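If you read the sequence shown in our numbering, its first letter stands for residue 351, the second for the next number, and so on. No residue lacks a Cβ here, since even glycine has one placed at the ideal position from N, Cα and C. Treat the numbers as computed from the prediction; the structure is a model and nothing was measured.
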Amino acid sequence: MPCNQNFNQCFSGCSYPRPIFNCYRNLLSILNQSGNTIINPTIEGASTISEISSLQTVSSGGNVIPSLTFSQGSSISYDNFGTFTLINGRYLISYNLSGLISANGLNSYAIYLDGNIMTSSQSTSSGTIGSGASVSGSAFVQITAPTGAITIKNTNVNPQLINSGSITIQKLI
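And the structure:
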């Protein structure tokens, strides 16, 4: 029978990992007539999903501008111009974009944090000019300042056309 919020049993021996809120702690607080109780911390979930559902031309160095379709929590905000503002924490950011190969035969995008490219997130596709192509990328981002700005940008020297796609941001810690 569970006796705490971690749904583990009250055992007489040590068990690892040891829960923060356990029966032994409750017994001690009763015996000592103490009102102090340790409760596991609440971590607020935060995530956003945004989509591109119509044809969009992204200039060289320009932001991909999705429409926000889902948002949970207060850690992530969106300005409707392609910039997501994240508060201090660790995030998983991923994108998947479909469009047409540009005039130089490439289709290329990357995640930027505070205006700086995250090179591990850059994705490039090559092919025949005007043919369809998809690119996807992801990155773990640690925001150490009070806030950080995330954008997905065209890293090609030519404008690119996108006809569908999604950007997902999930707060991990």
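Whole-angstrom distance between residue j and residue i, CA atom to CA atom
| i | j | result |
| --- | --- | --- |
| Gln510 | Gln406 | 8 Å |
| Arg368 | Ile523 | Here the model assigns Arg368 a pLDDT of 48, short of 50, so the residue's position is not dependable, and the following value carries that caveat. About 21 Å. |
| Asn466 | Thr478 | 30 Å |
| Ser473 | Lys521 | 22 Å |
| Val408 | Thr494 | 30 Å |
| Asn454 | Ile512 | 16 Å |
| Ser421 | Val485 | 24 Å |
| Ser397 | Leu442 | 9 Å |
| Asn506 | Thr419 | 27 Å |
| Gln492 | Thr469 | 15 Å |
| Gly515 | Ser400 | 8 Å |
| Ser481 | Ser452 | 9 Å |
| Ser471 | Tyr445 | 9 Å |
| Leu463 | Asn504 | 14 Å |
Local conformation of residue i per DSSP, three classes
| i | result |
| --- | --- |
| Val414 | coil |
| Ser404 | coil |
| Phe431 | coil |
| Ser425 | coil |
| Ser306 | Residue 306 lies beyond the range of the chain shown here (351 to 523); nothing can be said about it. |
8 Å contact criterion, which residue i and residue j should meet: CB distance rounded
| i | j | result |
| --- | --- | --- |
| Leu450 | Tyr459 | Not confirmed; about 13 Å, so no contact. |
| Ile519 | Phe431 | Going by Cβ atoms, the distance from Ile519 to Phe431 rounds to 16 Å, so no, they are not a contact pair. |
At 4 residues or longer, and completely inside the segment 435-523: list those alpha helix (DSSP H) runs for me, N to C.
none
How about the segment 410-424 and the segment 475-489: do they share at least three Cβ pairs that are nearer than 8 Å?
Segments in contact, no.
Validate contact between the segment 435-445 and the segment 489-504 using beta carbons, cut 8 Å, 3 pairs:
yes
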